[in-house]
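S.K.:
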Amino acid sequence: MKDEYLNPTNIKVVGIGGGGCNAINRMIEKGFNNVEFIALNTDAQALSSNKAGEGNQGQKFKIGNQLTRGLGAGANPEIGEKAATESKDAIKECLKDANMVFIASGMGGGTGTGASPVVAQIAKEMGILTIAVVTKPFQFEGKRRMNQAEEGIKKLEKNVDSVIVIPNQRLVEIYNDDNFSLIDAFLKVDDILGYGIQGIAEIINKPGVINVDFADVQSIMKGAGNALMGIGIGTGKNRAIDAAERAVHNPLLDINISGAKGILVNVSGGKDLSLSEYNKIVSYITSNAHPEANIIAGALIDESLKDQVSVTLIATSFDSAAKIHETVSVEKTEEKRQPHLIHHQEPLKEEKKQPAAILKEEAVYQPASQNKFKSDSLFNQQEDLFPENKLIKKEEMKNFFEDDYENKNFFDDIDTPTFLRNIGR
């Protein structure tokens with residue numbers, strides 16, 4: 057009888073290609089649950105080591121087996137697309153009964169770039185709310201790979217309700233020292249992909265005093281296009297505005313809250329969360345969005361937060377003319393503080409005034425409740441997503457992939473199977 061009142065939302069996370077499947081592994085390792093994981097790849101060897109399908113963690117299977125024989129797509133999106141088309145019926149069976157599907161993939165290679173739009177199209181045709189969280193390549197991976205990524209994202213946008221794009225190159229600007237290895241960089245990319253997915257799924261899975269449910273998320277994200285997602289945590293006297301600012305300003309994402317016509321906000325705090333604080337948070341966020349934005353805001357009382365306030369934000373339906381700019385505080389007397397994506401230290405001192413698009417100090421995802429995630433949950437770890445004192449100035453927040461950068465193609469065959477690379481040598 058009790059099962060009748062459990063959350064009926066069926067959420068599936070589909071990792072496609074090398075990048076997407078790696079992200080699934082990372083999420084499983086860090087204890088992200090309450091969703092079903094599905095790993096799709098054309099590379100049988102890589103798929104064999106994926107944790108999806110182990111225990112109750114979902115399923116995995118090869119796509120395009122007749123076309124690729126399990127040997128990969130050779131960094132060719134056309135092969136990835138044909139592979140997904142070949143396995144269309146099997147993919148449809150995997151997505152059956154889902155209310156929401158997340159597509160996680162690294163764009164620029166073969167399988168992720170080519171197959172993701174096909175999977176998205178299948179999901180949308182089934183009437184499933186479909187959200188993509190994808191990455192664009194590092195600059196060192198070459199211009200050809202970036203061009204493929206851009207083309208793949210365009211196709212993906214036509215078949216998903218919302219898409220969150222994470223440019224990997226921003227990590228280079230944040231971790232610009234020699235101690236940050238290439239392996240660490242790709243692991244961090246996997247973490248960030250998981251962060252975007254976990255943040256949205258958690259809004260649906262946790263009931264609140266002012267509840268935000270699947271229907272609310274659907275009303276904001278269905279057919280919305282580009283989306284901005286951020287989480288901020290504030291402590292101390294100014295915790296409400298601190299948390300709101302840190303949720304709004306996200307230098308890892310391609311878009312800014314300015315011009316958003318759809319806003320979903322979930323505020324979490326302890327029993328001492330006041331009406332005034334709730335009002336400040338929602339007012340700050342909505343004042344920086346489109347004047348006619350559809351606003352849905354919820355509140356969750358979580359005693360584990362103690363003196364902290366957490367803000368989860370999803371902004372969609374952006375004005376195409378919106379540009380990155382400094383936001384204005386809802387209180388004229390309030391000094392602007394340096395924004396963070398996520399923060400769990402003391403509030404910033406007022407003398408540290410910086411442009412809006414800046415990331416500094418520790419930034420980690422810290423779930424409001426631990427009853428659904430292990431203690432070492434994906435973003436509830438001591439190691440920060442972003443190190444201290446690594447700033448991105450507002451004037452540097454621009455497209456890192458302009459046509460005039462040096463054409464470095466030595467990473468173009470990063471996804472090419474060995475037997476293909478050896479041909480002709």
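In terms of the numbering used here, the sequence shown opens at residue 57 and continues consecutively. For every residue, glycine included, the Cβ atom is placed at its ideal position computed from N, Cα and C.
Determine whether the beta carbon atoms of R295 and Q364 lie at a separation below 9 Å.
M.R.: yes
S.K.: Under 9 Å, do G281 and F194 count as touching if we go by C-beta distance?
M.R.: no
S.K.: Can you give the Cα-Cα distance for F236 and F93, rounded to whole angstroms?
M.R.: 29 Å
S.K.: Based on the DSSP output, what are the partners of M163 in its beta bridges?
M.R.: Looking at the DSSP output, M163 bridges to nothing.
S.K.: Given this structure, state the Cα-to-Cα distance separating A100 from G292, to the nearest angstrom.
M.R.: The alpha-carbon separation between A100 and G292 amounts to approximately 51 Å.
S.K.: With DSSP run on the structure shown, which of helix, strand or coil describes K148?
M.R.: helix
S.K.: Taking the straight line between their C-alpha atoms, what separation do you get for E149 and L331?
M.R.: 46 Å
S.K.: T342 to I230, Cα distance in whole Å?
M.R.: 28 Å
S.K.: If you count every other CB in all the chains shown that lies within 10 Å of the CB of P173, and 16 or more means buried, which is it?
M.R.: buried
S.K.: How far does the alpha helix (DSSP H) with G74 in it reach, from first residue to last?
M.R.: 73–85
S.K.: For the segment 80–93 against the segment 175–184, are there 3 or more C-beta pairs whose distance is under 8 Å?
M.R.: Put simply, the segment 80–93 does not touch the segment 175–184. Fewer than three CB pairs are less than 8 Å apart.
S.K.: Tell me the rounded alpha-carbon separation between P64 and P223.
M.R.: 34 Å
S.K.: Please determine, among S218, F196, R201, the residue with the shortest C-alpha to C-alpha distance to Q177.
M.R.: Of the candidates S218, F196, R201, the one whose C-alpha sits nearest the C-alpha of Q177 is S218.
S.K.: My parser needs the beta strand (DSSP E) runs of 3 or more residues fully inside the segment 206–291; what are they?
M.R.: 218–223, 284–291
S.K.: Based on Cα-Cα distance, which residue from G166, M163, V175 lies nearest to K152?
M.R.: Taking only the C-alpha atoms, the option nearest K152 is V175.
S.K.: Straight-line CA distance for N132 to N203?
M.R.: 12 Å
S.K.: If the criterion is Cβ atoms closer than 9 Å, does the pair K86 and L103 meet it?
M.R.: no
S.K.: Quick one: residues in its chain with C-beta nearer than 6 Å to the C-beta of N66, no 5 flanking neighbours on either side, listed in chain order?
M.R.: D153, A154, N155
S.K.: Taking the beta carbon of S275 as the centre, do at least 16 other beta carbons fall within 10 Å, making it buried, or is it exposed?
M.R.: exposed
S.K.: Relative to the C-alpha of V189, which candidate in N322, F158, G130 has its C-alpha closest?
M.R.: F158
S.K.: Would you decide whether G5 is buried or exposed? Buried here means 16 or more other CB atoms lie within 10 Å of its CB.
M.R.: Because the chain spans 57 through 481 in this model, residue 5 falls outside it and cannot be assessed.
S.K.: How would you call G74, buried or exposed, if buried means at least 16 neighbouring beta carbons within 10 angstroms?
M.R.: buried
S.K.: Taking the alpha-carbon positions, what's the A349 to N312 distance?
M.R.: Separation of A349 and N312 (C-alpha to C-alpha, rounded to the nearest whole angstrom) is 14 Å.
S.K.: Judging by CA-CA distance, which residue of K317, Q254, A129, E110 is the nearest neighbour of N344?
M.R.: Each of K317, Q254, A129, E110 was checked against the Cα of N344, and the nearest Cα belongs to K317.
S.K.: Taking the alpha carbon of V265 as the point to measure from, which residue in G286, L356, V216 has its own alpha carbon closest?
M.R.: With distances taken between Cα atoms, V265 lies closest to L356.
S.K.: Leaving aside the five residues before and after E359 along the sequence, list all residues of the same chain whose C-beta is less than 6 Å from its C-beta, in chain order.
M.R.: G326
S.K.: For I352, count the other beta carbons within 10 Å of its own beta carbon; 16 or more makes it buried, fewer makes it exposed. Which is it?
M.R.: buried
S.K.: What ranges does the alpha helix (DSSP H) occupy inside the segment 335–361, keeping only unbroken runs of at least 4 residues that lie completely in it?
M.R.: none
S.K.: Which whole-angstrom value describes the C-beta separation of I135 and G170, a residue pair presumed to lie in contact below a C-beta threshold of 8 Å?
M.R.: Rounded, the Cβ-Cβ distance is 6 Å, consistent with contact.
S.K.: Looking at the structure shown, is T485 part of a helix, part of a strand, or coil, going by DSSP?
M.R.: Here the chain has residues from 57 to 481 only, and residue 485 is not among them.
S.K.: Can you tell me whether N106 is buried or exposed, with buried defined as 16 or more other CB within 10 angstroms of its CB?
M.R.: buried
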